[in-house]
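So the sequence lines, in the order shown, correspond to chains A and B. When you line the first sequence up against my numbering, it's residues 1 to 187, in that order. When you line the second sequence up against my numbering, it's residues 1001 to 1140, in that order. The structure under discussion appears below in the form of structure tokens.
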Amino acid sequence: MKKLICAVSAAAVSAAAFLSGGCGSNAEYVEAGGSRSLISTDKINMADWNAAADALVNSMLQSAAFAKYPKPVLIQVSQVVNRTSQRIDTELLTKRITIALNNSGVAVTKSTDKTATETAEYNRFMKNQGTLPAAQMTISGRIIEDRESVGRDREVTYTFQMDLNADGVAVWEDQKQIAKQETKSVF
Amino acid sequence: MKKITAILAATAILCAWGCSSMNTVERANPQSAKKMVDDKRVITDGNLDDIAFIAGVNETRTPTGLLKIQVELVNRTEAVRNFNYCFEWVDAQGMQIASPAPVWITSAIDAGESKYVSAVAPSPNAVDFRLKLLGNVRHY
Chain A
1 MKKLICAVSA
11 AAVSAAAFLS
21 GGCGSNAEYV
31 EAGGSRSLIS
41 TDKINMADWN
51 AAADALVNSM
61 LQSAAFAKYP
71 KPVLIQVSQV
81 VNRTSQRIDT
91 ELLTKRITIA
101 LNNSGVAVTK
111 STDKTATETA
121 EYNRFMKNQG
131 TLPAAQMTIS
141 GRIIEDRESV
151 GRDREVTYTF
161 QMDLNADGVA
171 VWEDQKQIAK
181 QETKSVF
Chain B
1001 MKKITAILAA
1011 TAILCAWGCS
1021 SMNTVERANP
1031 QSAKKMVDDK
1041 RVITDGNLDD
1051 IAFIAGVNET
1061 RTPTGLLKIQ
1071 VELVNRTEAV
1081 RNFNYCFEWV
1091 DAQGMQIASP
1101 APVWITSAID
1111 AGESKYVSAV
1121 APSPNAVDFR
1131 LKLLGNVRHY
């Protein structure tokens, strides 16, 4: 009888522990795109966006593209073409780049906000000034996806290409490739 | 006996596959003149210091006047490893320049490989830097 009571008690305690564990949340904060953020071969993860933007900004800032222009250079973000299988927001790449360029003092970004543009145009009109200055440089790019699989191994490579154009000439071009591999489970 | 032979053979194959190490060649008398940085290191993880040993730090300025730091890392282990690194920048008043936020980059380094990691300061106000290194913390 004692054995039965012990077994029932143990089962009840285990069930309670299992249920309380199942009902609770083990969510915790991690650094966005940081060393502990999740990565997968299914999509461009936040760590990939950060790494690509960081590499492209570093390359852009150490090039001589901006050197012959008086600082800050007025730039405008043009189109970043998405040639991947995913629906993505390319501002995750371009915004980080323009933030870095603005902070560096090398370039300022021309606003694309309708209200900001209309206000600036109105103020210039009232002061009898001309139209808003055109951007001296434009940024454009492409994101390309390539998938490969051998047996249970899968690999995806994302190529982030970017160019900086002035007077119709690409004064700087670079690309960052990020590849991820994964071995799929048998089950 | 057959089992032991099979296990030994498998171990040898695995070792041969996993222990491939990198050979390099370069000019005996380099023509480049690096501006080396005197560095101060805080090593709390000895294993990581073998995976990404800091062989040297040098600096330069970009054409637009921004500080650029390059760090040479050497994998002193006998296997390819992943590690994470992050550059932080500090202004003349000792305040961290936190915009854009520092980015952790994951990188792979082969056995015996010497690899450069570099970064350009995000602001002309940056005068100092700190490189943080972390082992592979993604265990899945």
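Each residue gets a CB set at the ideal place from its N, CA and C atoms; glycine is no exception. Keep in mind the model is a prediction, meaning the values are calculated, not measured.
Rounded to whole angstroms, what's the CA-CA distance from residue i to residue j? Just pull it up for me.
{"i": "Gly130 of chain A", "j": "Lys110 of chain A", "result": "16 Å"}
{"i": "Phe187 of chain A", "j": "Arg154 of chain A", "result": "15 Å"}
{"i": "Pro70 of chain A", "j": "Ala1126 of chain B", "result": "21 Å"}
{"i": "Leu1131 of chain B", "j": "Phe1053 of chain B", "result": "12 Å"}
{"i": "Arg147 of chain A", "j": "Lys43 of chain A", "result": "11 Å"}
{"i": "Pro1078 of chain B", "j": "Asn1023 of chain B", "result": "Per the sequence shown, residue 1078 of chain B should be read as Glu rather than Pro. Glu1078 of chain B and Asn1023 of chain B: Cα-Cα distance of roughly 12 Å."}
{"i": "Asp113 of chain A", "j": "Ala120 of chain A", "result": "11 Å"}
{"i": "Ile99 of chain A", "j": "Gln86 of chain A", "result": "25 Å"}
{"i": "Glu173 of chain A", "j": "Ala116 of chain A", "result": "30 Å"}
{"i": "Pro133 of chain A", "j": "Glu118 of chain A", "result": "13 Å"}
{"i": "Val1080 of chain B", "j": "Ser1020 of chain B", "result": "8 Å"}
{"i": "Arg1041 of chain B", "j": "Gly1056 of chain B", "result": "11 Å"}
{"i": "Val1025 of chain B", "j": "Thr1062 of chain B", "result": "28 Å"}
{"i": "Ala51 of chain A", "j": "Ile1109 of chain B", "result": "16 Å"}
{"i": "Tyr122 of chain A", "j": "Ser1114 of chain B", "result": "58 Å"}
{"i": "His1139 of chain B", "j": "Leu1048 of chain B", "result": "16 Å"}
{"i": "Asn102 of chain A", "j": "Ala1092 of chain B", "result": "20 Å"}
{"i": "Ile178 of chain A", "j": "Ile39 of chain A", "result": "12 Å"}
{"i": "Tyr158 of chain A", "j": "Thr90 of chain A", "result": "13 Å"}
{"i": "Thr1060 of chain B", "j": "Gly24 of chain A", "result": "52 Å"}
{"i": "Asp1050 of chain B", "j": "Pro1030 of chain B", "result": "26 Å"}
{"i": "Gly1094 of chain B", "j": "Ala166 of chain A", "result": "37 Å"}
{"i": "Gln161 of chain A", "j": "Asn128 of chain A", "result": "41 Å"}
Report all residues from its chain with a CB closer than 7 Å to the CB of residue i; omit the five preceding and five following residues, and keep chain order.
{"i": "Thr1106 of chain B", "result": "Asn1082 and Asn1084"}
{"i": "Asn1058 of chain B", "result": "Lys1034, Lys1035, Met1036, Val1037 and Gln1070"}
{"i": "Leu61 of chain A", "result": "Ser104 and Val106"}
{"i": "Ser78 of chain A", "result": "Thr138, Ile139 and Ser140"}
{"i": "Asp1128 of chain B", "result": "Val1090"}
{"i": "Ser63 of chain A", "result": "Trp172"}
{"i": "Ser59 of chain A", "result": "Asp174"}
{"i": "Val1120 of chain B", "result": "Thr1062, Leu1066 and Lys1068"}
{"i": "Ala55 of chain A", "result": "Lys176"}
{"i": "Thr1064 of chain B", "result": "none"}
Cutting at 6 Å between CB atoms, please list the residues of its own chain near residue i, excluding the five before and the five after it.
{"i": "Val171 of chain A", "result": "Ala65 and Leu164"}
{"i": "Arg152 of chain A", "result": "Thr183 and Lys184"}
{"i": "Lys180 of chain A", "result": "Thr41 and Val156"}
{"i": "Leu1134 of chain B", "result": "Asn1084"}
{"i": "Leu92 of chain A", "result": "Trp49"}
{"i": "Gly168 of chain A", "result": "none"}
{"i": "Cys1086 of chain B", "result": "Pro1102, Trp1104 and Lys1132"}
{"i": "Gln76 of chain A", "result": "Lys110, Ala135 and Thr138"}
{"i": "Ala1098 of chain B", "result": "none"}
Can you say whether residue i is buried or exposed, counting buried as having 16 or more other CB atoms within 10 angstroms of its CB?
{"i": "Leu1066 of chain B", "result": "buried"}
{"i": "Thr94 of chain A", "result": "buried"}
{"i": "Cys135 of chain A", "result": "Just to set this straight, residue 135 of chain A is Ala in the shown sequence, not Cys. Its Cβ being crowded by 16 or more others within 10 Å, Ala135 of chain A is buried."}
{"i": "Met126 of chain A", "result": "exposed"}
{"i": "Gly34 of chain A", "result": "buried"}
{"i": "Lys176 of chain A", "result": "buried"}
{"i": "Ile1043 of chain B", "result": "exposed"}
{"i": "Val150 of chain A", "result": "exposed"}
{"i": "Val1137 of chain B", "result": "exposed"}
{"i": "Ala1028 of chain B", "result": "exposed"}
{"i": "Ala27 of chain A", "result": "exposed"}
According to DSSP, residue i sits in a beta bridge with which residue or residues?
{"i": "Ile139 of chain A", "result": "A:Val77 and A:Leu164"}
{"i": "Ile1054 of chain B", "result": "B:Leu1073"}
{"i": "Gln175 of chain A", "result": "A:Gln161"}
{"i": "Val1120 of chain B", "result": "B:Lys1068"}
{"i": "Val150 of chain A", "result": "A:Asp153"}
{"i": "Gln1096 of chain B", "result": "B:Val1090"}
{"i": "Thr183 of chain A", "result": "A:Asp153"}
{"i": "Leu92 of chain A", "result": "Paired residues: none, contrary to the question."}
{"i": "Asp1128 of chain B", "result": "B:Val1090"}
{"i": "Arg1061 of chain B", "result": "B:Leu1067"}
{"i": "Ala1111 of chain B", "result": "B:Ser1021"}
{"i": "Ala100 of chain A", "result": "None, per the DSSP bridge assignment."}
{"i": "Met1036 of chain B", "result": "B:Asn1058"}
Return yes when the Cβ of residue j is within less than 8 Å of the Cβ of residue i, no when it is not.
{"i": "Gln1096 of chain B", "j": "Val1103 of chain B", "result": "no"}
{"i": "Glu1072 of chain B", "j": "Tyr1116 of chain B", "result": "yes"}
{"i": "Ala67 of chain A", "j": "Ile97 of chain A", "result": "no"}
{"i": "Arg142 of chain A", "j": "Val80 of chain A", "result": "yes"}
{"i": "Asn1075 of chain B", "j": "Gly1112 of chain B", "result": "yes"}
{"i": "Pro1100 of chain B", "j": "Pro1124 of chain B", "result": "no"}
{"i": "Lys1068 of chain B", "j": "Ser1118 of chain B", "result": "yes"}
Starting from the C-beta of residue i, find all residues in its chain whose C-beta is less than 8 Å away, skip the five residues before and the five after it, and write them out in chain order.
{"i": "Ser37 of chain A", "result": "Val30, Glu31, Asn45, Met46 and Ala47"}
{"i": "Arg83 of chain A", "result": "Arg142, Ile143, Ile144 and Glu145"}
{"i": "Arg124 of chain A", "result": "Gly130, Thr131 and Leu132"}
{"i": "Val73 of chain A", "result": "Phe66, Val106, Ala107, Val108, Gln136 and Met137"}
{"i": "Asp1039 of chain B", "result": "Ile1054 and Val1057"}
*Contact residues within the region 1082-1100 of chain B, judged by C-beta distance below 7 Å to chain E*: In the structure shown, chain E does not exist; the protein chains are A and B.
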